[in-house]
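Heads up: the structure comes next, in structure tokens.
Protein chains: 2
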Amino acid sequence: MLTSLMEFARNPQRIAVFAATAVLAATLALPSCPAQAPAPPPQPHSILDRLNAMLSGGKSAWTPEQIAVMERLRDAALKDPYALDELRHLTDNIGPRLSGSPQAQQAVDYVAAEMRALGAEVTLEKAQVPHWVRGQETAEVVSWPGQAPGTTQKIVLTALGGSVATPAEGLTAEVVVVDNWKQLAALPKGAAAGKILLFNHKFDKELAAEGHGGAAYGGSVVYRGAGPSAGAAVGAAAVLVRSAGGGDYRSPHTGLTDYVDGAAKVPAAAVTAEDADLLKNLAGQGPVKLHLTLTPQTLPDAPSYNVIADWKGSEHPEQVVVVSGHLDSWDLGTGAIDDGAGVAVSMQAMHLLKALGIHPRRTVRFIAWMSEEEGSQGAAAYMVEHKDDAANHIGAIESDLGADHPTGIYYAGKQGLGGWLRPVGGVLDAIGAGSLLSAPETGEDIGGLTDKGVPSFAPVQDSRFYFNYHHTAADTFDKVEPQHLNENAAVMTVLAYALADSAEAAPR
Amino acid sequence: MLTSLMEFARNPQRIAVFAATAVLAATLALPSCPAQAPAPPPQPHSILDRLNAMLSGGKSAWTPEQIAVMERLRDAALKDPYALDELRHLTDNIGPRLSGSPQAQQAVDYVAAEMRALGAEVTLEKAQVPHWVRGQETAEVVSWPGQAPGTTQKIVLTALGGSVATPAEGLTAEVVVVDNWKQLAALPKGAAAGKILLFNHKFDKELAAEGHGGAAYGGSVVYRGAGPSAGAAVGAAAVLVRSAGGGDYRSPHTGLTDYVDGAAKVPAAAVTAEDADLLKNLAGQGPVKLHLTLTPQTLPDAPSYNVIADWKGSEHPEQVVVVSGHLDSWDLGTGAIDDGAGVAVSMQAMHLLKALGIHPRRTVRFIAWMSEEEGSQGAAAYMVEHKDDAANHIGAIESDLGADHPTGIYYAGKQGLGGWLRPVGGVLDAIGAGSLLSAPETGEDIGGLTDKGVPSFAPVQDSRFYFNYHHTAADTFDKVEPQHLNENAAVMTVLAYALADSAEAAPR
């Protein structure tokens, strides 16, 4: 998902903005029991939407016939197994798709072939991507208050993406625990020198459970991003961070860390919430020593690709509407919710245009982005390649917040977009996904387009459980509820068609 | 908890009985949201209880003064931090307490010292226990339909307790998947010979979520118990079982397996639900090969101990009421819910008798049982040591189903026990724990006493979430809600006092 942690770490404002967005989104989320919670009823439209609709004279950008097409696409998406089948193949048959890995390349080839099979015009757009490979990752507490002679305690952790390695035989050092930046700043000079520094900032599970998953994540991910360099700056030999996520099943959450350029790099790993609690408890009683072994490797950057597939527009083939997700994933799980689902629902948009024989005025451009997790190199390459073409980008959609029930659409751009989109919201109201919410950003990979003024969009997904699984070994196919995936496919498909076939392009 | 899987595997009736018990218990469980669900309101007493009370003429075995003592004990248990502090020490400072391990011995010494500090008369009762040690445990799918050249897929698993090892370098074989015994029986002759056989029986999560955790467990654990020998009987090179538990966080559930005496033993492990799904999906598409490495060791049986601590009765010191939990645990987590909590709430019963200066007529005997998880050798030793003393055992209590909110007390013995206990239920009604439920068994370690006619008891714990964590790495201190733990301590303490101080002994 839009980790964008380098941005988060460097720009606290963005966190605040993201948090604010999440708070907005949460006004639509109903607190209820997990897993099989029924879809919330359609929400009343915002006053802003109604105002916009009034200001536009209530004139719709779509004819009744086009609305009928949207309804057909929506209903087909709800029933068609294509998205689920594609997701199952990406996750079970291909597996994890770490940037630079053979599986990532296999996924590129597979998705390209699937798009060609639909008759789309396929381009592989090259990008140099990081090629980091996880190694051994173990830790044991080897000394603590009350220890029985000869015993150790296992600590469950996982290396952060991009981490450097410890010596092959590991390193042993005392653990220093801080809960936040303030406690780090308050450490006596030299207190962390040569030690293993643990950032024990707790992921706000209650906030997430209330539907503010992004805000909870934003509060934690800064430690994952900036913690290792902050630790190195005070002389720590290694840095551990409490996992930026929920779950409570002793499952560590990986994710990219962000070493400060030119500064010392120390090995960095995420421990589980349980192990952070243990270390904090024990370190509060007396000296605690940990033996830590991480042997990841950073190989030379590797060539990889965005998969671009165009369903050519019938009137304005040069004008494009992007519908997208990111194809790479972390390596612990199989990248089902992050972001196989986003790719699969975008593929479904293409598949249904083909299946229903629909040729919108403008080009619908499917993109499976590469390396979102490790710096969005694919998106950067796209922005270079298409740097003079922003005007022809009529809209861009990315799905990268899982596949739980969508309640609507985020939009970033001109204020009038919400009112303009109201008829589309009306079509999606039938599946409880008709709310239209203004947001400062919509997706990591389409952020460059957003910045260039291209109207951009994302489904508003239920994020209450997303961060329990995010970046863990448990991000697997079974976490995706087929009905919810199809609802997301409906949102993506209807919106892509609407943007590509409106009489006038979306306001910008 | 009362795995007793050897019994389960060999005696399907017991599963049915256990399931029926769980169904009974579930009638008291309110479906609600996890974690911080409020305690359900006190339930109406059963018609049977009322009938029994009427038949006994409504005469209470306890005076109003004794009822007042119970209320004091209950209220003290709700506030006193002793149980939580002891549990934290057992889990965080000592850690996993596998039978035969240094940590198990440390726990024996620690608990004995704590009991001595209260002024109880402490005996260490020797038992020879298994000494099985987990080794390396890894698996990768090395060949499957759609595989990219040079790639593998990691399978998350854990060796079953007592499993024999694979060769040190592992073994590679094709995977054969069966969902149940029927599918195993339907395999063509020789179909599993030399293969890795996966029993893919799904833990019934819905049943567990409705409060029937024990019934769901009973339906799955038979495969863990009997599956490996059943696989060996059809020539399998190794056996995998889908984890007997819920959770959905790719966390494997260990537990004892039960090789048939004298038959071939093959390496046996539990895979996660996610990995079982993956293997089933891939194997349904074509041949799947797995490389499996398990290097556990079965060392010679080791001496260990039940910790027995008597709070001597003031009138009948020879008559005893047992209050107990089991001190050993599996090794993946730190044994907080299984069964550090049972030990801690039993310790609290002793602590509060001391703290409040209460000396019941009969002896309250705390027991921390050893090796429940690996065959209940501690309980067996107790039954040998005290074989002629059943008549002096007035009652026996064990807590071994976690530490979630208790709704009442299970009792096994004479039908009249429920009515006789009604005044005790009345004291516990104030914390929603006053229901009295007849059950065929109450706890694995006190099963021998139950069989000899000793009235036996256990808290009726909310089991909706217990089997998500049971026997996994996530069975850690944080899983215990302090308020719920204290409610369990109240049940144990009040009941132990009531049994030990009633004018007449409990009916039998």
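If you read the protein sequences in the order shown, they are chains A and B.
For the first sequence, this note's numbering assigns the number 1 to the initial residue and increments by one for each residue that follows.
For the second sequence, this note's numbering assigns the number 1001 to the initial residue and increments by one for each residue that follows.
We put the beta carbon where it would ideally sit given N, CA and C, even for glycine.
Here the structure is a predicted model, which is why all the values come from computation and not from measurement.
Contact check, residue i vs residue j, beta carbons under 7 Å
{"i": "A173 (chain A)", "j": "I196 (chain A)", "result": "yes"}
{"i": "Y497 (chain A)", "j": "P317 (chain A)", "result": "no"}
{"i": "W62 (chain A)", "j": "P423 (chain A)", "result": "yes"}
{"i": "A68 (chain A)", "j": "A344 (chain A)", "result": "no"}
{"i": "H393 (chain A)", "j": "V454 (chain A)", "result": "yes"}
{"i": "G100 (chain A)", "j": "N1093 (chain B)", "result": "no"}
{"i": "H326 (chain A)", "j": "D404 (chain A)", "result": "no"}
{"i": "G225 (chain A)", "j": "D204 (chain A)", "result": "no"}
{"i": "P1287 (chain B)", "j": "T1257 (chain B)", "result": "no"}
{"i": "D338 (chain A)", "j": "H470 (chain A)", "result": "yes"}
{"i": "V1321 (chain B)", "j": "L1449 (chain B)", "result": "no"}
{"i": "V1122 (chain B)", "j": "A1268 (chain B)", "result": "no"}
{"i": "A1159 (chain B)", "j": "D1328 (chain B)", "result": "no"}
{"i": "V323 (chain A)", "j": "I397 (chain A)", "result": "yes"}
{"i": "D400 (chain A)", "j": "G357 (chain A)", "result": "no"}
{"i": "E125 (chain A)", "j": "M347 (chain A)", "result": "no"}
{"i": "T1509 (chain B)", "j": "Q1136 (chain B)", "result": "One cannot answer for residue 1509 (chain B) here, as it falls past the ends of chain B, which runs 1001 to 1508."}
{"i": "E1487 (chain B)", "j": "I1409 (chain B)", "result": "no"}
{"i": "V1176 (chain B)", "j": "A1192 (chain B)", "result": "yes"}
Through-space distance from residue j to residue i, alpha-carbon basis
{"i": "P1507 (chain B)", "j": "M1383 (chain B)", "result": "21 Å"}
{"i": "S1438 (chain B)", "j": "P1459 (chain B)", "result": "12 Å"}
{"i": "A1107 (chain B)", "j": "V1141 (chain B)", "result": "40 Å"}
{"i": "E374 (chain A)", "j": "E504 (chain A)", "result": "37 Å"}
{"i": "I1367 (chain B)", "j": "E1481 (chain B)", "result": "23 Å"}
{"i": "P64 (chain A)", "j": "Y217 (chain A)", "result": "42 Å"}
{"i": "L1290 (chain B)", "j": "K1452 (chain B)", "result": "48 Å"}
{"i": "H253 (chain A)", "j": "E206 (chain A)", "result": "18 Å"}
{"i": "A148 (chain A)", "j": "V1239 (chain B)", "result": "35 Å"}
{"i": "W330 (chain A)", "j": "G416 (chain A)", "result": "37 Å"}
{"i": "R1362 (chain B)", "j": "L1198 (chain B)", "result": "52 Å"}
{"i": "A236 (chain A)", "j": "L278 (chain A)", "result": "20 Å"}
{"i": "R1134 (chain B)", "j": "T1166 (chain B)", "result": "12 Å"}
{"i": "Q377 (chain A)", "j": "A1264 (chain B)", "result": "55 Å"}
{"i": "K202 (chain A)", "j": "G1119 (chain B)", "result": "41 Å"}
Exposed unless 16 or more other CB atoms sit within 10 angstroms - verdict on residue i
{"i": "G262 (chain A)", "result": "exposed"}
{"i": "R535 (chain A)", "result": "Since the first residue shown for chain A is 1 and the last is 508, residue 535 (chain A) is missing from the structure and cannot be characterised."}
{"i": "L1540 (chain B)", "result": "Because chain B in this structure spans residues 1001 to 1508, residue 1540 (chain B) falls outside the shown range and cannot be described."}
{"i": "T1479 (chain B)", "result": "What sits at residue 1479 (chain B) in the sequence shown is Lys, not Thr. Buried, since its Cβ has 16 or more Cβ neighbours within 10 Å."}
{"i": "D1475 (chain B)", "result": "buried"}
{"i": "G161 (chain A)", "result": "buried"}
{"i": "P406 (chain A)", "result": "buried"}
{"i": "D275 (chain A)", "result": "buried"}
{"i": "R1116 (chain B)", "result": "exposed"}
{"i": "P81 (chain A)", "result": "exposed"}
{"i": "H45 (chain A)", "result": "At H45 (chain A), the pLDDT of 48 sits below 50, so the modelled position is not reliable and the matter cannot be decided from this model."}
{"i": "D388 (chain A)", "result": "exposed"}
{"i": "A185 (chain A)", "result": "exposed"}
{"i": "Q66 (chain A)", "result": "buried"}
{"i": "P1188 (chain B)", "result": "exposed"}
{"i": "G1284 (chain B)", "result": "exposed"}
Per DSSP, the bridge partner or partners of residue i
{"i": "I196 (chain A)", "result": "A:V175, A:A238"}
{"i": "W311 (chain A)", "result": "A:V364"}
{"i": "N1306 (chain B)", "result": "B:E1125"}
{"i": "Q461 (chain A)", "result": "A:P406"}
{"i": "I155 (chain A)", "result": "A:A139"}
{"i": "S1435 (chain B)", "result": "B:G1408"}
{"i": "H587 (chain A)", "result": "Within the shown structure, residues of chain A are numbered from 1 to 508, placing residue 587 (chain A) beyond reach of any answer."}
{"i": "H1201 (chain B)", "result": "H1201 (chain B) is not bridged to any residue."}
{"i": "S1456 (chain B)", "result": "B:A1396, B:A1412"}
Within-7 Å CB hit, residue i to chain E
{"i": "G1095 (chain B)", "result": "Absent from the structure is chain E; the protein chains it does hold are A and B."}
Problem - 4 or more residues per run - each alpha helix (DSSP H) lying fully within the segment 1343–1426 of chain B - result: Runs of the alpha helix (DSSP H) spanning 4 or more residues and lying entirely within the segment 1343–1426 of chain B occur at 1377–1385, 1417–1420, in chain order.
Exercise for the section: Counting only runs of 4+ residues fully inside the segment 262–291 of chain A, write out the alpha helix (DSSP H) ranges in chain order. Expected result: 273–283
Problem - Ordered list of alpha helix (DSSP H) runs contained in the segment 203–239 of chain A, each at least 4 residues - result: 205–209, 213–233
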